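Enquirer: In this note's numbering, the protein residues as written are 909 to 1572.
By construction, the Cβ of each residue, glycine as well, lies at the ideal position given by its N, Cα and C atoms.
All of these numbers come straight from a predicted model, not from anything done at the bench.
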């Protein structure tokens, strides 16, 4: 081969190398660009010189996979941290938090007990109650806005994911066509496809499988495909079948059918971070705020109804609170099977800060409606099935966890399910129900106990008025309720004859002379009561601590201005375990603040650690695939000299040829 050919091959190689180096420098700031190297080889057999074997892309699939995984987790933690920090700031605010307001509220009750008839102390109580209710509503509104914002963000993220998966499928098509035309795909297309995969992993965790070393297949962690060759499968933001207020992710299969995915299917990335935050923290915090509101309101109302106001009337509800929410699943046999959801005031201590899923199961004639089956109740925060002993079905009402549900029993079918949210938005309806200051029931009912002969007086405890207007339910509400108990345990009710009362939850007749019977019906005889028996008369219940020959009178008080007994009882609620039957109000709130603070701290620590790993992997990736200005500048000088040297070869060959020709 002549010197001309050898020199020309060198010029071509130098030109390609210079072009490659120039391209590297031009794309130094292009996202996803991988440095390229011109691969040179010796000329083919029988020839001399150099040939360009190809332009090689400096890309390490293993490092890229590790980096994508790290980005997925970092993005999820960053999203989670951005959201939970807002709740942490809200709850931990010493001035705007609930803790100081609850303390102010109970301090005002203490002031009321000191001066029960003073309008200023009554106004002080109402003022602190109004402020406390407003703050509960404000907290719930803030958290509900976060729920709405997350719904919107999920919709946006799903749209972006669909755009990316469609572009990956399009890239597969373009790369396949380029390979068919040229034998190799342009590096720019390969870079773009890898950058799309990286962007997808920043939004959600996905699985990449490279088919035949060329075509990218992308799927969800559970194996459902997102990209198969040149086809993409869309995700869809849809309303949850169980809760229409909640946006979840659905999967659209090849037949165009959309199936709702379990929330834990979407992991990692900004989308997974949003869904994890909502399930782990936002729902829990909103339920805890609601539990506080309901526990305080219901227990305070219950105690307030034990008292007498300045007008001599029984106390009414002091607080209002939003009722529980319940939704039938969209796939139920009928859309209106759940007829009512209410709090069970007698079991409010069982109220938990969680949602429930209630499912009708068929056990071939169980204790459920019409003998069709039983109910399975599952806590959504832990996934645990509520014990059968804690679930009861009576008189077409299902009771558990401080709530009671009523159904359209005739149409219930196996598999019907319901989403029950006892306290999720309860705080949104918390407000003071009393406008008239005279209606604050600081006094108590009068209990007059007397001896019969030389025996001890009747001894009762837990005297409780259940519900408003309890005394109005008596046969003679204007007269006191008179009880007479002899040594044999026979109870007589002087002004409640001919009616029915409850003893330990069972109906008992009261005969014409006022003697409590051992049951109902013509065959009933005088009952024998003993210590510990609970008696409910109208809306009033009490427990016998002992049995002796004595009498008791119970009547509405005269609302004397100095009576503060019920105010003292209401003030004691501050130190009682009224939240879930295991914590005081301040203790439950402190636990909630601590829990959110700990979660925030853990998220920040994990984010810092994961971001450190991501930075290390990016450094490794850049060391191999990134563009280095100094290195490329050195290559420019090297290839420029290479070009000049080959040009000189050609020039020398021309000179030699001219000399030979001139010899002639």
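Which residues in the same chain have their Cβ closer than 7 Å to the Cβ of residue 1075, if we skip the five residues on either side of it in sequence?
Expert: Numbered from its first residue, the chain shown carries residue 1075 at position 167. Closer than 7 Å at the Cβ level, and outside the excluded window around residue 1075, lie 1104.
Enquirer: Is any non-hydrogen atom of the ligand PLP found closer than 8 Å to the C-beta of residue 1305, if you look at the structure I gave you?
Expert: Annotation note on the ligand PLP: not contained in the displayed structure, which lists no ligands.
Enquirer: Have a look at 1151, 1171, 977, 1146 and flag the residue whose alpha-carbon is nearest the alpha-carbon of residue 1160.
Expert: Indexing the chain shown from 1 puts residue 1160 at position 252. The residue with the shortest Cα to Cα distance from residue 1160 is 1146.
Enquirer: Please report the distance separating the alpha-carbon of residue 1119 from that of residue 944.
Expert: Mapped onto the chain shown, residue 1119 falls at position 211. Mapped onto the chain shown, residue 944 falls at position 36. Roughly 24 Å between the two C-alpha positions.
Enquirer: To the nearest angstrom, how far is the alpha carbon of residue 1493 from that of residue 1481?
Expert: Taking the first residue of the chain shown as 1, we reach residue 1493 at position 585. Taking the first residue of the chain shown as 1, we reach residue 1481 at position 573. Roughly 9 Å separates the two Cα atoms.
Enquirer: Could you tell me the boundaries of the beta strand (DSSP E) in which residue 864 lies?
Expert: Because the chain is modelled from 909 through 1572, residue 864 falls outside the range shown and cannot be assessed.
Enquirer: What is the C-beta distance between residue 1128 and residue 1173, in whole angstroms, given that I count them as a contact (C-beta under 8 Å)?
Expert: Taking the first residue of the chain shown as 1, we reach residue 1128 at position 220. Taking the first residue of the chain shown as 1, we reach residue 1173 at position 265. So it is a contact: roughly 6 Å between Cβ atoms.
Enquirer: If you follow the beta strand (DSSP E) that residue 1031 is in, where does it begin and where does it stop?
Expert: Stepping through the chain shown from its first residue, residue 1031 is reached at position 123. Counting along the chain, residue 1031 falls outside any beta strand (DSSP E), though it belongs to the alpha helix (DSSP H) covering 1027-1090.
Enquirer: Return the chain-ordered ranges of every alpha helix (DSSP H) run that is complete within the region 1296-1365 and spans a minimum of 4 residues.
Expert: Here no run is fully enclosed.
Enquirer: Which residues does DSSP list as the beta-bridge partners of residue 1125?
Expert: Here residue 1125 corresponds to residue number 217 of the chain shown, with the count starting at 1. In the DSSP output, where bridge partners are listed per residue, residue 1125 has 1117.
Enquirer: Measuring only the C-alpha atoms, how far is residue 1069 from residue 928?
Expert: Looking up residue 1069 in the chain shown gives position 161. Looking up residue 928 in the chain shown gives position 20. Roughly 33 Å separates the two Cα atoms.
Enquirer: Out of curiosity, what's the CA-to-CA distance linking residue 1247 and residue 1398?
Expert: Within the chain shown, numbered from 1, the residue matching residue 1247 stands at position 339. Within the chain shown, numbered from 1, the residue matching residue 1398 stands at position 490. If you take the alpha carbons of residue 1247 and residue 1398, they lie about 43 Å apart.
Enquirer: Can you give, in chain order, each stretch of the beta strand (DSSP E) that sits fully within the region 1230-1261 and has at least 3 residues?
Expert: Those beta strand (DSSP E) runs which fall completely within the region 1230-1261 and span 3+ residues are 1233-1236, 1246-1251.
Enquirer: Using 8 Å as the threshold, is the region 1226-1240 in touch with the region 1322-1331, meaning 3 or more CB pairs across them?
Expert: Yes, the region 1226-1240 touches the region 1322-1331.
Enquirer: According to DSSP, is residue 1491 part of a helix, a strand, or is it coil?
Expert: Counting from 1 along the chain shown, the entry for residue 1491 is found at position 583. In the structure shown, residue 1491 sits in a strand (DSSP, three-state: E or B).
Enquirer: Spatial neighbours of residue 1294 within its chain, please: C-beta separation below 8 Å, excluding the five flanking residues on both sides.
Expert: Taking the chain shown and counting its residues from 1, one reaches residue 1294 at position 386. Cβ neighbours of residue 1294 beyond the five flanking positions: 1264, 1285, 1286, 1287, 1308, 1309.
Enquirer: What is the DSSP secondary structure of residue 1424, reduced to helix, strand or coil?
Expert: Mapped onto the chain shown, residue 1424 falls at position 516. Correct three-state label for residue 1424: strand.
Enquirer: The beta strand (DSSP E) with residue 973 in it runs from where to where?
Expert: Numbered from its first residue, the chain shown carries residue 973 at position 65. Segment 969-1000 is the alpha helix (DSSP H) holding residue 973; no beta strand (DSSP E) there.
Enquirer: Note down, in chain order, each residue of its chain lying with its Cβ closer than 8 Å to the Cβ of residue 1138, except the 5 sequence neighbours on either side.
Expert: Taking the first residue of the chain shown as position 1, residue 1138 is located at position 230. Contacts found: 1077, 1078, 1080, 1081, 1084.
Enquirer: Assuming residue 996 contacts residue 1505 (C-beta within less than 8 Å), just tell me the rounded distance between them.
Expert: Here residue 996 corresponds to residue number 88 of the chain shown, with the count starting at 1. Here residue 1505 corresponds to residue number 597 of the chain shown, with the count starting at 1. Going by Cβ atoms, the distance from residue 996 to residue 1505 rounds to 6 Å, so yes, they are a contact pair.
Enquirer: Check residue 1218 in the structure and name its three-state DSSP category.
Expert: Taking the first residue of the chain shown as position 1, residue 1218 is located at position 310. Coil.
Enquirer: Would you say residue 1312 and residue 1229 are within 9 Å of each other, going by their C-beta atoms?
Expert: Looking up residue 1312 in the chain shown gives position 404. Looking up residue 1229 in the chain shown gives position 321. No.
Enquirer: Is it buried or exposed, residue 1056, if we count other Cβ atoms within 10 angstroms and call 16 or more buried?
Expert: In the chain shown, counting from the first residue as 1, residue 1056 sits at position 148. Classification of residue 1056: exposed, given that the 10 Å Cβ count is below 16.
Enquirer: How big is the Cα-Cα spacing for residue 1342 and residue 1024?
Expert: The residue given as residue 1342 occupies position 434 in the chain shown. The residue given as residue 1024 occupies position 116 in the chain shown. Going by the C-alpha atoms only, they are around 16 Å apart.
Enquirer: So the candidates are 1195, 1210, 1251; which of them puts its Cα closest to the Cα of residue 1262?
Expert: The residue labelled residue 1262 in the question sits at position 354 within the chain shown. That would be 1195, whose Cα lies nearest to the Cα of residue 1262.
Enquirer: For residue 1114, I'd like the list of residues in its chain whose CB is within less than 6 Å of its CB, leaving aside the five on either flank, ordered along the chain.
Expert: Position 206 of the chain shown, counted from the start, is the residue given in the question as residue 1114. Cβ neighbours of residue 1114 beyond the five flanking positions: 1108, 1126.
Enquirer: Could you name the residues of the same chain whose beta carbon sits closer than 7 Å to that of residue 1027, not counting the 5 residues immediately before and after it, in chain order?
Expert: By 1-based counting over the chain shown, the position of residue 1027 is 119. Excluding residues within five positions, the ones whose Cβ falls inside 7 Å are 1345.
Enquirer: Between residue 1019 and the rest of its own chain, which residues show a CB-CB distance below 7 Å, the 5 nearest in sequence each way excluded?
Expert: The residue you call residue 1019 lines up with position 111 of the chain shown. The answer, listed in chain order, is 1029, 1032.
Enquirer: State the DSSP-derived secondary structure class of residue 1542, mapped to helix, strand or coil.
Expert: Stepping through the chain shown from its first residue, residue 1542 is reached at position 634. Three-state DSSP puts residue 1542 in a helix.
Enquirer: On the criterion of 16 or more Cβ atoms from any shown chain inside 10 Å, does residue 1008 qualify as buried, or is it exposed?
Expert: The residue given as residue 1008 occupies position 100 in the chain shown. Its Cβ having fewer than 16 others within 10 Å, residue 1008 is exposed.
Enquirer: In the DSSP assignment, the beta strand (DSSP E) including residue 1145 goes from what residue to what residue?
Expert: Along the chain shown, one-based indexing puts residue 1145 at 237. Residues 1143-1147.
Enquirer: Report buried or exposed for residue 1095, applying the criterion of at least 16 other Cβ atoms within 10 angstroms of its Cβ.
Expert: For the purposes of this step, residue 1095 is identified with residue 187 of the chain shown, where counting begins at 1. Buried.
Enquirer: What is the rounded straight-line gap between the Cα of residue 1524 and the Cα of residue 1516?
Expert: Within the chain shown, the letter at position 616 stands for residue 1524. Within the chain shown, the letter at position 608 stands for residue 1516. In a straight line, the C-alpha of residue 1524 is about 12 Å away from that of residue 1516.
Enquirer: Could you tell me which residues DSSP pairs with residue 1417 in its beta bridges?
Expert: If you number the chain shown from 1, residue 1417 lands on position 509. For residue 1417, which the question treats as bridged, DSSP gives the partners 1408.
Enquirer: So residue 1096 is in the beta strand (DSSP E); what residue range does that whole segment cover?
Expert: Start at 1 with the first residue of the chain shown, and residue 1096 comes out as number 188. No beta strand (DSSP E) contains residue 1096, which is instead part of the alpha helix (DSSP H) from 1095-1111.
Enquirer: Report yes if the CB atom of residue 1111 is closer than 9 Å to the CB atom of residue 1169, and no otherwise.
Expert: Locating residue 1111 in the chain shown gives position 203, where the first residue counts as 1. Locating residue 1169 in the chain shown gives position 261, where the first residue counts as 1. In this structure, residue 1169 does not lie closer than 9 Å to residue 1111 by Cβ.
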